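K.L.:
Residue numbers (our numbering): 15 to 499.
A virtual CB, placed ideally from N, CA and C, is assigned to each residue, including glycine.
Only a predicted model underlies this, so the values are computations on that prediction, with no experimental measurement involved.
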Ligand code: ZN
Ligand code: MN
């Protein structure tokens, strides 16, 4: 029988923090500036230039640690990681070696964080992927390779970079996907980063190995770089697991190497073989004093936001919406804020949530609109909900009103008035239509009287048609039942 192989995956994630200035100098952290406009002697690595710590970057890292249940070190320190690279002018990176700011903790995975096609087959529901550590360091510059020359932009050099190292605790490409999605949501909730992989705000390296079932010893660890989307990470890991299994099954062996993911071909390719572990000659940076986190932790604790999992539970308890709907709303901070801004005063939060998750989300995705730029405000949408609840318009009319609101930014009340949409609730008028429909459909009437109660729905539909969609459906039902009774 063929050997089964078990994958072991660990992720190293680098996250750009949303500070106003760089890690060790006052240069702004901003996109869209011309090359090398945001530089100074410190971030250009001039000899003798002295670094000054950005305390906000420390606070954001500590906040991330709080959100992920890490232990926050009372005292941490910064070290020099020595290596040569053209985009790192000092020939060392300031990082944290043996005493990082955050230790342990974990990233809780939830069903909706998994890829859509894998949400029904989750191997370990509610898994928490263990973290080894979170530390803070500085980013390097960016190299550009032109036809006959290369150029470097130092705007990114020295910007704060937070590194989160997971334990080798992930067992499938889908779990890696869920890990990154859940992590991204939490980072956005804490407002520490926009964590957009597309924009390089969150970058991920994967360590992947496979071992034969029944053995404890981990296989050779292979590192994959260069993935710029969460789905790219999933694909790269899936490819790599398959590649390793094929080599091992054929009796081959795997050298320890670093591979690059190529999104276009859907393959990983060899970048370099690791002959020995790098010796970075770490030593404490003599220009930076150890950091005592106790001076800012009280303030950081106050900044800890309600997290997605907590919001989900509260939405279910406070607004009576389903756990699934609460999950969808809470997985996007902006969407959750939109819902809650109107749910608090809504006559029917559950109906409001339905409108958001159905009509509103499909209108937004069809028009490529983000919730931040939604043409219908949450309170306007809730006005529509209450018009339906009061019986002023019926469900079908509400959909037309919604479409008009989305297109014109007008309020529900204005659209209803302009279109002369009013639900017909006059008992006499509806009764006349009901009698008309009974007279015209003797077969359905007979069936109903013979005990096939579902036939009343056909008659209801006929009345609705006769009223040109204006009749109050609840009244139709009552009147028909009485007339047929
Ligand atoms: Zn600078
Ligand atoms: Mn790093």
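List the endpoints of the continuous beta strand (DSSP E) containing residue 143.
P.N.:
Within the chain shown, the letter at position 129 stands for residue 143. Run containing residue 143: 142 to 152, per the beta strand (DSSP E) assignment.
K.L.:
Can you list, in chain order, the residues of its chain whose CB lies under 8 Å from that of residue 454, leaving out five sequence neighbours each side?
P.N.:
Start at 1 with the first residue of the chain shown, and residue 454 comes out as number 440. The answer, listed in chain order, is 476.
K.L.:
Please work out which residues of its chain come closer than 7 Å, Cβ to Cβ, to residue 299, disregarding the five sequence neighbours upstream and downstream, and give them in chain order.
P.N.:
For the purposes of this step, residue 299 is taken as residue 285 along the chain shown, with counting starting at 1. Excluding sequence neighbours, residue 299 sits near 92, 93, 94 and 108.
K.L.:
In three-state terms, what does DSSP make of residue 305?
P.N.:
Counting from 1 along the chain shown, the entry for residue 305 is found at position 291. It is a strand residue.
K.L.:
Would you say the beta carbon of residue 41 comes nearer than 7 Å to a heavy atom of the ligand ZN?
P.N.:
Locating residue 41 in the chain shown gives position 27, counting from the first residue. Checking every heavy atom of the ligand ZN against the Cβ of residue 41, one is found closer than 7 Å.
K.L.:
Measuring straight from C-alpha to C-alpha, what distance separates residue 452 and residue 418?
P.N.:
Reading the chain shown from its first residue, position 438 is the one you call residue 452. Reading the chain shown from its first residue, position 404 is the one you call residue 418. Computed Cα separation, rounded: 35 Å.
K.L.:
Give me whichever residues DSSP pairs with residue 321 in a beta bridge.
P.N.:
Along the chain shown, one-based indexing puts residue 321 at 307. DSSP output for residue 321 lists no bridge partner at all.
K.L.:
Going straight from the alpha carbon of residue 130 to that of residue 194, what length do you get?
P.N.:
Here residue 130 is taken as the residue at index 116 of the chain shown, counted from 1. Here residue 194 is taken as the residue at index 180 of the chain shown, counted from 1. Cα to Cα, residue 130 sits roughly 14 Å from residue 194.
K.L.:
If we ignore side chains and look at the alpha-carbon of each, how far apart do residue 357 and residue 307 end up?
P.N.:
Along the chain shown, one-based indexing puts residue 357 at 343. Along the chain shown, one-based indexing puts residue 307 at 293. Residue 357 and residue 307: Cα-Cα distance of roughly 39 Å.
K.L.:
DSSP on residue 272, reduced to helix/strand/coil?
P.N.:
Along the chain shown, one-based indexing puts residue 272 at 258. Strand, per DSSP.
K.L.:
Tell me, which residues are paired with residue 220 by DSSP?
P.N.:
Within the chain shown, the letter at position 206 stands for residue 220. DSSP lists 25 and 238 as partners of residue 220.
K.L.:
Enumerate in chain order the residues of its own chain whose CB-to-CB distance from residue 199 is below 7 Å, with the five nearest sequence positions on each side excluded.
P.N.:
In the chain shown, counting from the first residue as 1, residue 199 sits at position 185. Cβ neighbours of residue 199 beyond the five flanking positions: 322 and 345.
K.L.:
Leaving out five residues on either side along the sequence, give the residues of the same chain with a beta carbon under 6 Å from the beta carbon of residue 74.
P.N.:
Taking the first residue of the chain shown as 1, we reach residue 74 at position 60. Cβ neighbours of residue 74 beyond the five flanking positions: 31 and 206.
K.L.:
Regarding residue 292 and the ligand MN, is the C-beta to nearest heavy atom distance less than 7 Å?
P.N.:
Against the chain shown, residue 292 aligns to sequence position 278. No, the beta carbon of residue 292 sits no closer than 7 Å to any heavy atom of the ligand MN.
K.L.:
Please list the terminal residues of the continuous beta strand (DSSP E) segment that includes residue 405.
P.N.:
As a first step, residue 405 must be located in the chain shown, where it is residue number 391. Careful: residue 405 lies outside any beta strand (DSSP E) and carries neither H nor E.
K.L.:
Given a cut-off of 8 Å on the beta-carbon distance, is the pair residue 425 and residue 394 in contact?
P.N.:
Position 411 of the chain shown, counted from the start, is the residue given in the question as residue 425. Position 380 of the chain shown, counted from the start, is the residue given in the question as residue 394. In contact: residue 425 and residue 394 (Cβ atoms closer than 8 Å).
K.L.:
So, residue 374 versus residue 67, is the Cβ gap smaller than 8 Å?
P.N.:
Position 360 of the chain shown holds residue 374. Position 53 of the chain shown holds residue 67. No.
K.L.:
Between residue 180 and residue 211, how many whole angstroms is the CB-CB distance? I'm expecting something under 8 Å.
P.N.:
Locating residue 180 in the chain shown gives position 166, where the first residue counts as 1. Locating residue 211 in the chain shown gives position 197, where the first residue counts as 1. Between residue 211 and residue 180 the Cβ distance is about 16 Å, and since that is not below 8 Å, they are no contact.
K.L.:
Please state whether the Cβ-Cβ distance between residue 342 and residue 126 is less than 8 Å.
P.N.:
Start at 1 with the first residue of the chain shown, and residue 342 comes out as number 328. Start at 1 with the first residue of the chain shown, and residue 126 comes out as number 112. The answer is yes: Cβ separation under 8 Å.
K.L.:
Less than 8 Å separating the beta-carbons of residue 208 and residue 144?
P.N.:
Here residue 208 is taken as the residue at index 194 of the chain shown, counted from 1. Here residue 144 is taken as the residue at index 130 of the chain shown, counted from 1. Not a contact, by the Cβ cut-off of 8 Å.
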